[in-house]
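Below you'll find the structure, written out as structure tokens, and then a few comments.
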Amino acid sequence: MSTATQTPEASAYTPSAETIGAVLARGDRPKRPSAWAASLTFGWRALLKIKHVPEQLFDVTAFPIIMTLMFTYLFGGALAGSTRDYLQFFLPGIMVTSVVMITMYTGIGLNTDIEKGVFDRFRTLPVWRPAALVGMIFGDVLRYILAATTIVLVGLILGFRPQGGVTGVLGGIALLVVFSFAFSWVWTMFGLFLRSEKSVMGVSMLVLFPLTFLSNVFVDPRTMPGWLQAFVDINPISHLVTAIRSIMDGDWNMGEITWTLVASGVLVAVFGTLTMRLYNRK
Amino acid sequence: MSAPAIETSGLVKVFGDNRAVDGVDLTVPAGTVYGLLGPNGAGKTTVVRMLATLLRPDGGTATVFGHDVVRQADAVRGRVSLTGQYASVDEDLTGTENLVLLARLLGYSKAQARERAAQLLAAFGLTEAADRQVKKYSGGMRRRIDIGASILNTPDLLFLDEPTTGLDPRSRNQVWDIVRMVVANGTTVLLTTQYLDEADQLAGRIAVIDRGKVIAEGTPGQLKASVGAGTVHVRLRDAEQRPAAERVLAEALGTTVQQEPDPLALTARADAGGSDRGAAEHAARALAALAEAGIVVDDFSLGQPSLDEVFLALTDRPATDPAAGPDTDSTAEKEAVA
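Going line by line, the protein sequences match chains A and B.
Once you know that position 143 of the first sequence is 143 in the working numbering, the rest is easy, because the numbers rise by one and skip nothing.
Once you know that position 212 of the second sequence is 494 in the working numbering, the rest is easy, because the numbers rise by one and skip nothing.
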């Protein structure tokens, strides 16, 4: 277990009626915080956890770098003649793949977090109910931004030259973050629903691998059999990648962007609701 | 406020085919400490979790200061706090961070939250540990920050779920002192415990819970009177003398005497029943009688009845009867916690 350090100061503690009485003096209770303020406070908790356990940032830096390097050099020559040419097509896609894969940690994190007693306390506070989960995902959004930025930087070093310039890159990252925030609610649902961290991981992989690989991330779907093309066409990841490619190219595909935003809204509405139902019932 | 702090009627919670709480009626007057006494898996934690709005009852009703725990859960949450069996603070965060986080969630401004956190840490003797992660705290310190976090909102009702389980005697006494001070400041406390002496020390009234039902209710005095005021433990020097000692004790105390597995030991209830003499006086007379009979006694003590003895008296079976399935019960409670 953890190391229990009993300092002499601590064991010498004697409760004093005066100080405890002062703490319990019934003054005016503060007004309850707004939904937004409560969510931000929970977001601050996520930041503090990153501060105390910085190793968790390894997932959002090393993993995307490896993904980018691996697939660029694995497929680049064969698919586009050179890694540099492939990168122009591939980078937005691998950025989406990596970040969407990282969203599963939201579920795993919630599953381990909620086992601890602290969630009992959060759930007995008179605050906006979803705040604890929204705040948690706010913390994750920071990780998504970090991962996306890492990949763009690696891409730029390897020769990725987006036509859309800084605005295009930032716009692409922004759309990805919006979608990932929405997609995280799928994992909060599984994080509450499934019993162990391992099963959350298992289900995440089962969903994420087909979703990211059976898409237009790695290759042009035109060479695929018809039935697979049909799946790729309805896969939200394909729509997201098409939208982000267009933004980074400076040629904003409003149809795909709208599709992605509507899909994000639907994800939050459906999985956010299911998550809150599970959270209240726990 | 005229409404009682807690009022439940026919409260039921079922996990699978296990009725963890099976028709509990409680009335807890405001401003008191009320003890829920029972073995592991009796349903104490489940009752507390329903009252704290963490679990939805499957039957019956419960109100906290007149607010229904299901329909008016938010009003209940505004007035209660819970210190669970497992530390209800974030172990990765420091003491200060934990308290500031909670203060912010209760609506304090940044500056007020820092001030409140510092004030609480000082009151609980944790100023030096303020910037250390809670996972590095000792068991006693962890309990204190936990209780500190629970009174941050000056609750009108505080749930303490087995607050001293696993603590050393010194830390336990500190927690007891804190509980007394909290009550003195007008907060009602619902305390669950497995220890009769803890309930006796702190609670004005006690409900004994077994298999999801209240099997006895009253003041500690009434409860102990129903059980017998105490137990005499005798350890002889010579096992040969045990039958003789048994006869002498039975006569002096007027109760049945039990032979312990240890061939030198005997125990007997020291009832004050029927006479106006105290249990200690009965015990003293028993000791004198043993000496008169020439029986050598190495150890003689009068102890409070244990939870086991309370259970034996109330249910005719010990609290830890494996056939009663406390294990399945506690699994159910753990599931509820998860």
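Every residue, glycine too, gets a C-beta built ideally from N, C-alpha and C.
| request: Taking a Cβ distance cut-off of 7 Å, strictly less, list which residues of the segment 131 to 143 of chain A are near chain B, in chain order. | output: Per Cβ criterion, the list is empty.
| Three-way DSSP call (helix, strand, coil) for S196/A in this model | If you number the first sequence from 1, residue 196/A lands on position 196. Of the three classes helix, strand and coil, the one that applies to S196/A here is coil, per DSSP.
| said: At the level of alpha carbons, what is the spacing between N300/B and F190/A? | reply: Translated into the one-based positions of the second sequence, residue 300/B becomes position 18. Translated into the one-based positions of the first sequence, residue 190/A becomes position 190. Approximately 26 Å between the Cα atoms of the pair.
| said: Just verifying my parser: in three-state terms, what is the DSSP assignment at N455/B? | reply: Counting from 1 along the second sequence, the entry for residue 455/B is found at position 173. DSSP places N455/B in helix when its eight states are reduced to three.
| field | Pair within 9 Å by beta-carbon distance, L319/B and A481/B | value | Counting from one through the second sequence, the residue named residue 319/B turns up at place 37. Counting from one through the second sequence, the residue named residue 481/B turns up at place 199. Closer than 9 Å, so yes.
| task | Rounded to whole angstroms, what's the CA-CA distance from I257/A to T106/A? Just pull it up for me. | result | Within the first sequence, residue 257/A is the residue found at index 257, counting from 1. Within the first sequence, residue 106/A is the residue found at index 106, counting from 1. Rounded to whole angstroms, I257/A to T106/A spans 25 Å at the Cα level.
| task | Determine the direct distance from the alpha carbon of A405/B to that of S370/B, and round the result to whole angstroms. | result | The residue you call residue 370/B lines up with position 88 of the second sequence. The residue you call residue 405/B lines up with position 123 of the second sequence. Cα-Cα distance, rounded: 19 Å.
| task | For the segment 109 to 189 of chain A, list the alpha helix (DSSP H) runs that are entirely contained and at least 4 residues long, ordered along the chain. | result | The segment 109 to 189 of chain A is shown to contain whole alpha helix (DSSP H) runs of 4 or more residues at 118 to 123 and 131 to 158, in chain order.
| message | Let me see if you follow: with CB-CB separation under 9 Å, is D220/A close to chain B or not? | response | Locating residue 220/A in the first sequence gives position 220, where the first residue counts as 1. For D220/A, the answer is no, since every Cβ of chain B falls outside 9 Å of its Cβ.
| Does the Cβ of L74/A have 16 or more other Cβ atoms within 10 Å, making it buried, or fewer, making it exposed? | Your numbering for residue 74/A matches position 74 in the first sequence. Exposed is the call here.
| message | As an exercise, report each continuous beta strand (DSSP E) stretch of at least 3 residues that is fully enclosed by the segment 315 to 381 of chain B, in chain order. | response | 315 to 319, 341 to 346 and 362 to 365
| Closest Cα partner of V621/B within the set D544/B, Q541/B and R517/B | One cannot answer for residue 621/B here, as it falls past the ends of chain B, which runs 283 to 620.
| task | Helix, strand or coil for N467/B, going by three-state DSSP, please let me know. | result | Counting from one through the second sequence, the residue named residue 467/B turns up at place 185. Correct three-state label for N467/B: coil.
| P525/B burial status per 10 Å Cβ neighbour count (16 or more: buried) | On the second sequence, residue 525/B is found 243 positions in, with the first residue counted as 1. That one is exposed.
| request: Check whether the Cβ of Y390/B lies closer than 9 Å to any Cβ atom in chain A. | output: Reading the second sequence from its first residue, position 108 is the one you call residue 390/B. So yes, Y390/B belongs to the interface.
| query | Closest by CA to A595/B, which one among T365/B, D340/B, L408/B and L505/B? | reply | To locate residue 595/B, count along the second sequence from 1; it is residue 313. Here the closest residue by C-alpha is L505/B.
| C-beta atoms of E379/B and L48/A nearer than 9 Å | Start at 1 with the first residue of the second sequence, and residue 379/B comes out as number 97. Start at 1 with the first residue of the first sequence, and residue 48/A comes out as number 48. Yes, these two residues count as a Cβ contact at 9 Å.
| task | Pull up the distance between the alpha-carbon of G313/B and that of V539/B, whole angstroms please. | result | Locating residue 313/B in the second sequence gives position 31, where the first residue counts as 1. Locating residue 539/B in the second sequence gives position 257, where the first residue counts as 1. Roughly 41 Å between the two C-alpha positions.
| field | Strand pairing of R462/B, partner residues [DSSP] | value | The residue you call residue 462/B lines up with position 180 of the second sequence. The partner list for R462/B (beta bridge, DSSP) is empty, contrary to what the question assumes.
| request: Using a Cβ-Cβ cut-off of 9 Å, state whether F42/A counts as contacting chain B. | output: On the first sequence, residue 42/A is found 42 positions in, with the first residue counted as 1. True, the Cβ-Cβ gap to chain B drops below 9 Å.
| Spatial distance of A132/A from L336/B (CA atoms) | Sequence index remark: in the first sequence, residue 132/A carries index 132 (1-based). Sequence index remark: in the second sequence, residue 336/B carries index 54 (1-based). If you take the alpha carbons of A132/A and L336/B, they lie about 15 Å apart.
| field | Whole runs of the alpha helix (DSSP H) within the segment 541 to 578 of chain B, excluding any shorter than 4 residues | value | 561 to 574
| request: Leaving out five residues on either side along the sequence, give the residues of the same chain with a beta carbon under 6 Å from the beta carbon of H239/A. | output: Start at 1 with the first residue of the first sequence, and residue 239/A comes out as number 239. For H239/A, where only same-chain residues beyond five positions count, the Cβ hits under 6 Å are E256, W259 and T260.
| query | What are the residues that DSSP puts in a beta bridge with H239/A? | reply | Taking the first sequence and counting its residues from 1, the one referred to as residue 239/A is at position 239. Answer is none; H239/A lacks a bridge partner.
| request: Can you give me, in chain order, the residues of the segment 235 to 251 of chain A that have a beta carbon less than 7 Å from any beta carbon in chain B? | output: Residues of the segment 235 to 251 of chain A with a Cβ closer than 7 Å to any Cβ of chain B: none.
| task | Check the DSSP bridge columns for T513/B and list the partner residues they point to. | result | On the second sequence, residue 513/B is found 231 positions in, with the first residue counted as 1. DSSP lists R551/B and G585/B as partners of T513/B.
| field | Length of the line joining the Cα atoms of A263/A and P236/A | value | Residue numbering aside, residue 263/A sits at position 263 when the first sequence is read from its first letter. Residue numbering aside, residue 236/A sits at position 236 when the first sequence is read from its first letter. One C-alpha to the other measures close to 8 Å.
| alpha helix (DSSP H) containing L48/A: first to last residue? | The count along the first sequence starts at 1 and reaches residue 48/A at position 48. Per DSSP, L48/A belongs to the alpha helix (DSSP H) from A35 to H52.
| query | Does DSSP put G305/B in a helix, a strand or coil? | reply | For the purposes of this step, residue 305/B is taken as the residue at position 23 of the second sequence. Three-state DSSP puts G305/B in a strand.
| Going along chain A, which residues have a C-beta under 7 Å from T623/B? | Absent from the structure is residue 623/B, since the part of chain B shown begins at 283 and ends at 620.
| message | Could you check whether the segment 291 to 300 of chain B touches the segment 430 to 442 of chain B, counting it as contact only if at least three pairs of C-beta atoms, one from each stretch, sit closer than 8 Å? | response | no
| With C-beta atoms as the reference, is I244/A less than 9 Å away from G172/A? | Here residue 244/A refers to the residue found at position 244 of the first sequence. Here residue 172/A refers to the residue found at position 172 of the first sequence. Yes, these two residues count as a Cβ contact at 9 Å.
| field | Whole-angstrom distance between S184/A and R454/B, CA atom to CA atom | value | Locating residue 454/B in the second sequence gives position 172, counting from the first residue. Locating residue 184/A in the first sequence gives position 184, counting from the first residue. It is roughly 43 Å from the alpha-carbon of R454/B to the alpha-carbon of S184/A.
| request: Check whether the Cβ atoms of V241/A and S180/A sit closer than 9 Å, and answer yes or no. | output: Your numbering for residue 241/A matches position 241 in the first sequence. Your numbering for residue 180/A matches position 180 in the first sequence. Not closer than 9 Å, so no.
| task | Please report the Cβ distance between T124/A and A334/B, rounded to the nearest whole angstrom; I am assuming they are in contact, meaning their Cβ atoms lie under 8 Å. | result | If you number the first sequence from 1, residue 124/A lands on position 124. If you number the second sequence from 1, residue 334/B lands on position 52. Yes, they are in contact, since the Cβ atoms of T124/A and A334/B sit about 5 Å apart, within 8 Å.
| message | What residue range does the alpha helix (DSSP H) around T61/A cover? | response | Locating residue 61/A in the first sequence gives position 61, counting from the first residue. Per DSSP, T61/A belongs to the alpha helix (DSSP H) from F58 to A80.
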